[in-house]
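Protein chains in written order, with the working numbering: chain C, 1 to 116; chain P, 117 to 231.
Just so you know, even glycine gets a beta-carbon here, dropped at the ideal spot from N, CA and C.
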Amino acid sequence: DARVTQTPRHKVTEMGQEVTMRCQPILGHNTVFWYRQTMMQGLELLAYFRNRAPLDDSGMPKDRFSAEMPDATLATLKIQPSEPRDSAVYFCASGRSSGRGYNEQFFGPGTRLTVL
Amino acid sequence: AQSVTQLDSQVPVFEEAPVELRCNYSSSVSVYLFWYVQYPNQGLQLLLKYLSGSTLVKGINGFEAEFNKSQTSFHLRKPSVHISDTAEYFCAVTEGSGGYQKVTFGIGTKLQVIP
Numbered sequence: 001d002a003r004v005t006q007t008p009r010h011k012v013t014e015m016g017q018e019v020t021m022r023c024q025p026i027l028g029h030n031t032v033f034w035y036r037q038t039m040m041q042g043l044e045l046l047a048y049f050r051n052r053a054p055l056d057d058s059g060m061p062k063d064r065f066s067a068e069m070p071d072a073t074l075a076t077l078k079i080q081p082s083e084p085r086d087s088a089v090y091f092c093a094s095g096r097s098s099g100r101g102y103n104e105q106f107f108g109p110g111t112r113l114t115v116l
Numbered sequence: 117a118q119s120v121t122q123l124d125s126q127v128p129v130f131e132e133a134p135v136e137l138r139c140n141y142s143s144s145v146s147v148y149l150f151w152y153v154q155y156p157n158q159g160l161q162l163l164l165k166y167l168s169g170s171t172l173v174k175g176i177n178g179f180e181a182e183f184n185k186s187q188t189s190f191h192l193r194k195p196s197v198h199i200s201d202t203a204e205y206f207c208a209v210t211e212g213s214g215g216y217q218k219v220t221f222g223i224g225t226k227l228q229v230i231p
């Protein structure tokens, strides 16, 4: 049963610390999405990768957030320095894009981040 | 730009009663529409999708939705809910037929099924 995995599932840290969240997309998928979910804003797209290249990171605060795909099996989202307003659940999703038609996104279980 | 409005933040309903969760979208071009379900402490799971063709779409767990272009709506329905349907439901829209397909999600509707 292929699934998107995310680590850690929970993270509590203090303001100013660096936070790294990891995602392993489903094998064979070539698109990766990072979302942030909060009560106030709902689900927001932070970044989108296709074939490991970042195509859209317009939703990501550039001064403190960064997203990368070191290889096809790993996507990372880093926050440095973290702030209390970054507290949220961060979801990774992956899919297979052929460049046309509809491409379903499969979501991971999320990382619940609390910044004190 | 595309957008999604879910009119109800919470919907309580008794077990075995019917339910409708409302969704309206805004887009200047043709769209794909989706409903996702999120159970507590889990990620989102696709419930059903409208891509083209028949406007009545059937999904998993007995849910269905109807695409109404004139009213720009995509309401989700189930004729008889179960306790296990208690979850948060998200309507989503994407424009475009290829390449980059940015999905915009609604704020979510929490369905609470009362025994």
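Helix or strand or just coil, what does DSSP make of residue i?
i	result
P/Asn184	strand
C/Asn30	coil
P/Pro195	coil
P/Asn140	strand
C/Arg85	helix
C/Gly95	strand
P/Ser200	helix
P/Ser189	strand
C/Glu104	coil
Could you name the residues that DSSP lists as bridge partners for residue i?
i	result
P/Ile221	According to the sequence displayed, residue 221 of chain P carries Phe and not Ile. Its beta-bridge partners are P/Ala208.
P/Pro128	P/Gln228
C/Glu44	C/Arg36
P/Ser119	P/Ser142
P/Lys165	P/Phe150
C/Lys11	C/Leu113
C/Arg52	Partner(s): none; C/Arg52 has no beta bridge.
C/Val19	C/Ile79
P/Val173	P/Ala181
P/Val135	P/Lys194
C/Thr5	C/Gln24
C/Ser66	C/Lys78
C/Asp71	C/Leu74
Report the neighbours of residue i on chain P: residues whose CB is nearer than 9 Å to its CB, in chain order.
i	result
C/Leu45	Lys218, Val219, Thr220, Phe221
Residues of chain C with a CB under 9 Å from the CB of residue i: which are they?
i	result
P/Gln158	Phe107, Pro109, Gly110
Under a Cβ-count criterion, where at least 16 other Cβ atoms within 10 Å of its own Cβ denotes burial, should residue i be classed as buried or exposed?
i	result
P/Gly159	buried
C/Leu113	buried
C/Met69	buried
C/Asp1	exposed
P/Tyr155	exposed
C/His29	buried
P/Phe130	exposed
C/Met15	exposed
C/Ile79	buried
C/Thr73	exposed
C/Met39	exposed
P/Asn157	exposed
C/Asp86	buried
P/Gly178	exposed
C/Ser82	buried
C/Lys62	exposed
P/Lys194	buried
So with CB distances below 8 Å, who are the chain P contacts of residue i?
i	result
C/Asn51	None at all; the shortest Cβ gap to chain P is about 12 Å.
C/Phe65	In chain order: nothing, as chain P lies at least about 18 Å away.
Quick one: list the residues of chain C neighbouring residue i, beta-carbon separation under 8 Å, in chain order.
i	result
P/Leu123	Here the premise fails: no neighbours, minimum Cβ distance about 14 Å.
Can you pull the chain P neighbours of residue i, defined as C-beta to C-beta under 7 Å?
i	result
C/Glu104	Leu162
- Message: Which residues of the segment 164-181 of chain P have a Cβ closer than 9 Å to any Cβ of chain C? Give them in chain order.
- Response: Lys165, Leu167
- Task: With 7 Å as the limit, tell me which residues of the segment 31-43 of chain C have their beta carbon closer than that to any beta carbon of chain P; keep them in chain order.
- Result: Gly42, Leu43
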